[in-house]
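S.K.: Below you'll find the structure I mean.
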Amino acid sequence: MKKIVFLIFAAATIIACKDAKTNEKTAEKPQETKTPQLAYASFGEKIDAKDVLTTAQINEKYNSLKVGDTVNVKFTSNINSVCSKKGCWMRLDLGEEKEVMVKFKDYGFFMPLDAKGEVIVNGKAFVQETSVDELKHYAEDAGKSAEEIAKITAPKKTLSFVADGVLLKK
């Protein structure tokens, strides 16, 4: 009787160990799968890189806007400059010596001070008239000289954008 109990116990132990090894192997498989590296660093709300307008297409949109008009868009461009104090705004190149001033929705996020290269921004595009004081403030933030700041004497029609999400290409 002792031998039968011992054999049943030994068989149960072997089966249990075999099941444990099988479970370990299946548990390791998901860990072995490599997740693809994201090509973008994300700031603000999560957005994707689909259905993105080119610089030429966003230029057409801005050309059709009047002061006070807004349009929801997602477009790609290159960074010309970023606020050197805290990354609270950036200027994007639109070609043809045009730039768009990008601020971030509710100051909910900021860009790295050394941000460069290509970005995708999602949010509201609009045209506004920027006051002399605000233009001087932006010039100061950008590190312009006192001479350059003194040359700002008239308000400027500004291509503006409030981004709720940004993808910065790594």
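Numbering (the working numbering), first residue to last: 18 to 187.
The beta carbon of each residue, even a glycine, is placed where N, CA and C say it ideally should be.
1. Would you identify the three-state DSSP class for residue 58, choosing helix, strand or coil?
2. Following the continuous alpha helix (DSSP H) through residue 176, name the residue where it begins and the one where it ends.
3. Please give the ranges of any beta strand (DSSP E) in the stretch 97-121, keeping only runs that are unbroken, at least 3 residues long and fully inside the region.
4. CA-CA distance, residue 121 and residue 148?
5. Rounded to whole angstroms, how far is the Cβ of residue 144 from the Cβ of residue 86, which I believe are closer than 8 Å?
6. Report the partner residues of residue 74 according to the DSSP bridge assignment.
7. Could you pull the start and end residues of the beta strand (DSSP E) that residue 138 belongs to?
8. At the level of alpha carbons, what is the spacing between residue 105 and residue 99?
9. Just how far apart, CA to CA, sit residue 72 and residue 60?
10. With burial defined as no fewer than 16 other Cβ atoms inside 10 Å of the residue's Cβ, what is the status of residue 177: buried or exposed?
11. Am I right that residue 109 and residue 95 are in contact with their C-beta atoms under 8 Å? What's the rounded C-beta distance?
12. Check this for me: beta carbons of residue 117 and residue 142, under 9 Å apart or not?
13. Looking at residue 111: is its Cβ nearer than 9 Å to the Cβ of residue 89?
M.R.: This is what the structure holds:
1. Residue 58: strand per DSSP, three-state reduction.
2. Looking at the DSSP string, residue 176 is not in any alpha helix (DSSP H); the run it does join, the beta strand (DSSP E), is 173-186.
3. List check, beta strand (DSSP E) in window: 106-112 and 115-121.
4. For residue 121 and residue 148, the distance between alpha carbons rounds to 19 Å.
5. Between residue 86 and residue 144 the Cβ distance is about 7 Å, and since that is below 8 Å, they are a contact.
6. Looking at the DSSP output, residue 74 shares a beta bridge with no other residue.
7. That run of the beta strand (DSSP E) goes 135-147.
8. Their backbone Cα atoms lie some 8 Å apart in a straight line.
9. Going by the C-alpha atoms only, they are around 21 Å apart.
10. Under this definition residue 177 is a buried residue.
11. Contact between residue 109 and residue 95 holds: their C-beta atoms lie close to 7 Å from each other, under 8 Å.
12. A contact, by the Cβ cut-off of 9 Å.
13. With contacts defined by Cβ atoms closer than 9 Å, residue 111 and residue 89 do not form a contacting pair.
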